[in-house]
Ligand code: ATP
């Protein structure tokens with residue numbers, strides 16, 4: 039594809055996506071193109087500059103080789119698959135050093151030494167590759183971006199016997215052909231740390247800008263458009279793209295839609311769907327009941343127990359498959375075979391697909407009592423076998439985001455909750471609804487808070503019911519407030535700990551210690567055992583004195 043613009047297609051600004059590109063229309067994008075952008079990004083800290091450089095690269099890719107856009111965006115995000123597929127880069131240093139040793143013929147001890155000096159294995163690889171150049175007789179093959187991406191993905195997926203050898207082999211192949219800054223970004227990319235200060239959000243913004251300016255049909259949409267109109271359009275497109283990606287957090291789905299549908303229509307095709315985790319909605323902390331009442335004055339709201347377990351976003355697909363995703367959208371399905379087995383009993387007739395938001399809490403079935411998070415955390419994380427389960431859990435559903443093929447995100451919580459109660463039913467000891475109470479006065483809320491804590495919960499979640507009550511994926515919204523016992527005066531537990539180490543402060547805290555490592559004496563083992571690092575809650579005066 040690419041290159042189908044009229045010969046006299048005009049562009050605005052000094053950058054020309056075709057003339058300034060280093061490759062031709064329809065040709066594969068060279069890996070060097072993104073490495074050059076990474077080099078420039080590394081040299082600046084200005085976010086707007088970073089966005090622009092990335093935007094320009096994306097524009098050239100869209101204009102010349104749109105088929106490579108997905109791989110380009112993945113490499114910019116330094117990932118190889120949607121987060122929930124749990125395929126991650128993060129190749130160990132030892133393995134990467136081996137690959138560098140074997141490719142450059144440099145002794146490991148030089149590599150080690152220069153690693154200490156440079157502090158970055160990518161720079162070490164670049165240094166020794168650069169030195170080696172004069173020894174080459176045959177010209178190396180030019181690395182292509184899509185091929186590098188596919189190699190990264192293959193490397194991340196290797197497992198089982200001989201996988202170390204296979205990984206080294208694949209890494210060496212790329213290093214042999216790499217030139218200039220390429221070895222640096224191959225190594226850093228494989229480590230899973232680009233270290234150029236590029237965040238996923240910045241990549242999305244750059245993509246929204248690029249997709250607004252350059253489409254496969256138009257080289258520069260800004261030509262003939264007023265700058266106010268353009269600013270409004272790009273702002274809206276950014277919102278559209280972010281919304282699409284939080285409802286359907288898969289570049290595999292979203293990037294092709296940028297090309298085929300355009301950003302104005304992307305939300306029509308990239309929507310919440312069962313099987314893809316949504317970025318969960320988060321809550322704002324509050325310091326007490328009076329803050330809650332201030333914020334929600336005049337609004338209808340509900341108070342729910344804030345359960346102390348693990349977030350479980352439970353998906354039922356049309357084909358009957360059930361999946362569980364965590365707070366960070368990792369797939370937890372194999373951790374909860376008991377939930378998978380139980381869920382069909384919780385469905386009332388007519389439910390064919392759904393996404394429920396819930397908290398999975400450790401539960402003592404004999405005492406019929408919730409157990410604290412500490413119990414749940416002892417449960418094995420993967421491939422749990424039903425017969426080995428020691429820690430029983432109960433699923434406490436508090437929201438319904440999707441039902442029978444329809445997204446409920448735009449409906450107010452009051453309606454979502456009604457649908458939740460109408461379409462699902464309790465399963466003794468295994469599935470229940472979050473305990474809620476439409477308390478409104480300080481006394482009522484405080485009473486309910488106490489009740490929640492007695493029931494082994496962390497406090498309350500207070501949520502608006504009708505006004506400003508849509509489900510906002512990934513947002514830390516003011517529509518959800520958390521009231522934790524720890525935040526309340528006199529309600530927290532106290533611990534007597536000993537500081538055994540401290541970190542030198544940065545920024546405002548330069549010249550003082552900024553954080554402390556705290557420990558507790560264990561008389562049986564006769565040693566101090568670390569408990570936690572503390573970095574907040576100090577006054578300036580405290581820090582000075584310490
Ligand atoms: P956050 O998730 O807000 O970043 P965090 O990880 O420290 O902060 P908490 O402060 O404990 O989590 O509060 C949010 C979490 O509380 C939710 O992610 C969810 O797992 C849990 N939770 C328990 N009960 C409820 C409820 N009734 N409604 C919503 N969330 C609940």
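In the working numbering, the protein residues as written are 39 to 584.
Glycine included, every Cβ here is placed at the ideal spot set by N, Cα and C.
Distance cut-off 7 Å: residue i Cβ against heavy atoms of the ligand ATP
i           : result
residue 520 : yes
residue 263 : no
residue 477 : no
residue 374 : no
residue 471 : no
residue 339 : no
residue 436 : yes
residue 394 : no
residue 70  : no
residue 411 : no
residue 450 : no
residue 318 : yes
residue 499 : yes
residue 523 : no
residue 329 : no
residue 368 : no
residue 344 : yes
From the options, residue whose alpha carbon lies closest to that of residue i
i           : options               : result
residue 389 : 297, 570 and 312      : 312
residue 116 : 89, 159 and 235       : 235
residue 189 : 160, 576 and 228      : 228
residue 319 : 508, 536 and 279      : 508
residue 181 : 211, 569 and 493      : 211
residue 99  : 305, 296, 464 and 220 : 296
residue 123 : 488, 371, 428 and 415 : 371
residue 408 : 69, 424, 492 and 428  : 492
residue 516 : 349, 418 and 330      : 330
residue 114 : 266, 299, 470 and 241 : 241
residue 353 : 384, 393 and 147      : 393
residue 16  : 336, 75, 246 and 358  : Examination of residue 16 is not possible in this model, given that the chain is present from 39 through 584 alone.
Residue i to residue j span [Cα, whole Å]
i           : j           : result
residue 446 : residue 438 : 7 Å
residue 510 : residue 285 : 10 Å
residue 145 : residue 139 : 6 Å
residue 338 : residue 332 : 13 Å
residue 518 : residue 289 : 29 Å
residue 280 : residue 89  : 15 Å
residue 546 : residue 578 : 10 Å
residue 39  : residue 191 : Residue confidence is low: residue 39 scores 49 on pLDDT, short of 50, so the model does not pin down where it sits. Its coordinate-derived value is still stated next. Computed Cα separation, rounded: 24 Å.
residue 48  : residue 257 : 7 Å
residue 581 : residue 326 : 27 Å
residue 57  : residue 87  : 20 Å
residue 141 : residue 231 : 21 Å
residue 46  : residue 501 : 56 Å
residue 377 : residue 473 : 19 Å
residue 569 : residue 420 : 26 Å
residue 403 : residue 95  : 58 Å
residue 302 : residue 278 : 7 Å
residue 197 : residue 92  : 33 Å
residue 111 : residue 551 : 40 Å
residue 487 : residue 283 : 36 Å
residue 209 : residue 162 : 15 Å
residue 128 : residue 262 : 46 Å
residue 165 : residue 225 : 12 Å
residue 54  : residue 63  : 13 Å
residue 561 : residue 153 : 41 Å
residue 306 : residue 549 : 53 Å
residue 414 : residue 440 : 27 Å
residue 150 : residue 567 : 33 Å
residue 135 : residue 506 : 54 Å
CB contact flag (residue i, residue j, <8 Å)
i           : j           : result
residue 374 : residue 452 : no
residue 368 : residue 391 : no
residue 344 : residue 522 : yes
residue 571 : residue 557 : no
residue 213 : residue 167 : yes
residue 619 : residue 411 : Because the chain spans 39 through 584 in this model, residue 619 falls outside it and cannot be assessed.
residue 341 : residue 498 : yes
residue 73  : residue 223 : yes
residue 406 : residue 463 : no
residue 13  : residue 237 : Shown here, the chain extends from 39 to 584; a query on residue 13 therefore has no answer.
residue 275 : residue 252 : no
residue 397 : residue 434 : yes
Min CB distance residue i to chain B below 8 Å
i          : result
residue 51 : Among the chains of the structure shown, chain B does not appear; only one protein chain is present.
Any non-hydrogen atom of the ligand GTP closer than 7 Å to residue i Cβ
i           : result
residue 454 : Annotation note on the ligand GTP: not contained in the displayed structure, which lists the ligand ATP as its ligands.
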